[in-house]
Amino acid sequence: MNILLTGGAGFIGSHTCVELCEAGHHPIIVDNYVNSCEESILRVEKITGRKIPHYQADVSDAQAMDRIFFENEIDCVVHFAGLKAVGESVEQPLRYYRNNLDTTLTLCEVMKKHGVRKIVFSSSATVYGNQPVVPYREDMPSVGCTNPYGWTKFMIEKILEGVQHANPEWSVVLLRYFNPIGAHESGLIGEDPAGIPNNLMPFIAKVAVGELKKLSVFGNDYPTPDGTGVRDYIHVVDLAKGHVKACDYAMEHPGCEIINLGTGHGYSVLDIVNTFQRVNHVEIPYEIAPRRPGDIAENYADPTKALKLLGWQAEKNLEDMCRDTYRFQTRNPKGYRG
Ligand code: UFG
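Sequential numbering of the sequence shown, starting at 747, is according to the working numbering.
See the structure below:
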């Protein structure tokens, strides 16, 4: 299959590109490199030994997208493109709504024009909101998002549901990711956030190599086993394989499905710190800091629907995630720009 990856140069997009190649598909990338760079695609080419057609364009640029669809016989789209920093979305809501919604609307219009009706969307567990019970199941009604980034994911799910409802021959798969971390085991591709990372694992990785002094653990008074926040961390390669399965599913099944991609296991912040130190033989200095506004105590996925519908489940463990993250960080101390 020819599969267009919007935002395919990013962290999850680049790993998905590798797995699609391994499965015999032909990925094509469109990316504006606002939060990524072409180097990640060159690294994917190195890993796979394949040339990956790629275009520098904004997904909200209808003309550019039209040309891409005209030049390639696209069977399915995986839509990763979007702004994704929670804190930034609170400060710049209009930019987030404009960018994330515009890109999706343009993409759907161009798909419609070219008769492409299969789409897999990069959604997030954030759309569940702060649920009173765990694990999170796809049929739980959302209790509302806590920031504009989350609302864009929520709204895009609704847009795609609406498009599928109006055009029943469409296949829409909404993948709700939990917390993707780790890196490809080659050490060639991984997460390369600009500036000081907001998320736990990239922050730990930079502390590990001495680029940042110490980790602040945001709260140790949550109602969790050790008091620190619990999340469902998933290896990005497992996540990428979930996308391959989702594309296969979309080709065969018209309809709209929401599917969690998580492991079903929750780990605390201190579990991550301790495992990282142990497997990598490196010290992570940390201090307990106040809770971060908007954080919840605990979430993890019920991953049974992914197994049932896609035949997919996560295979890598927390040790793999910590080891692979550290390998990418030490081999690329300045990320892709080094
Ligand atoms: N944490 C720290 N110190 C840090 C960073 C994070 O203690 O420097 C803690 C947080 O308080 C939380 C855990 O580590 O308990 C995980 O935090 P992340 O920022 O890595 O991830 P979140 O669970 O807050 O958010 C992630 C994604 C979002 C997505 C959300 C979905 O980053 O994009 O999961 O649930 F919306």
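Idealized CB from N, CA, C, for every residue including glycine.
Following the DSSP letters along the chain, one finds residue 1035 inside the beta strand (DSSP E) bounded by residues 1032-1035. A straight-line Cα-Cα distance of about 13 Å links residue 982 and residue 868.
A straight line joining the alpha-carbon of residue 829 with that of residue 759 spans about 13 Å. A residue is called buried once 16 or more other Cβ atoms fall within 10 Å of its Cβ, and residue 889, having fewer, is exposed. DSSP places residue 860 inside the alpha helix (DSSP H), whose first and last residues are 839-860.
In the DSSP assignment, residue 895 falls within the unbroken alpha helix (DSSP H) covering 894-912. Under the 10 Å beta carbon count, residue 1057 is surrounded by fewer than 16 other beta carbons and is classified as exposed. Secondary structure at residue 960: coil, using DSSP grouped into helix, strand and coil. A straight-line Cα-Cα distance of about 16 Å links residue 825 and residue 810.
Residue ranges of uninterrupted alpha helix (DSSP H) with 4 or more members, entirely inside the segment 975-1026 and ordered along the chain, are 982-998 and 1015-1026. Residue 961 and residue 1070 have their C-alpha atoms spaced approximately 19 Å apart. Residue range 757-768 is occupied by the alpha helix (DSSP H) that includes residue 767. Residues of the same chain with a CB within less than 7 Å of the CB of residue 852, apart from the 5 flanking positions on each side, are 805, 806, 808 and 811 in chain order. In the structure shown, the three-state DSSP call for residue 869 is strand. Residue 922: member of the beta strand (DSSP E) spanning 917-923, first to last residue.
Beyond the five residues adjoining it in sequence on each side, residue 931 comes within less than 7 Å, by CB distance, of 1070 in the same chain, given in chain order. Under the three-state reduction of DSSP output, residue 946 falls in the helix class. Remark: C-beta atoms of residue 1063 and residue 880 do not approach each other more closely than 7 Å. Screening all residues for a C-beta within a distance smaller than 7 Å of any heavy atom in the ligand UFG leaves 830, 832, 870, 871, 872, 895, 896, 924, 925, 944, 945, 946, 947, 949, 961, 962, 963, 964, 965, 974, 975, 977, 1015, 1038, 1041 and 1045, in chain order. Boundaries of the beta strand (DSSP E) around residue 752: 748-752.
If you check the CB distance, residue 963 and residue 970 do not come in under 7 Å. Classified as buried, residue 987 has 16 or more neighbouring CB atoms from the shown chains inside 10 Å of its CB. Taking the Cα positions, residue 997 is about 43 Å away from residue 954. Of all alpha-carbon atoms in 1081, 863 and 945, the one lying nearest the alpha-carbon of residue 919 is that of 863. Leaving aside the five residues that flank residue 786 on each side, the residues in its chain whose CB is nearer than 7 Å to its CB run, in chain order, 755, 760, 935 and 1082.
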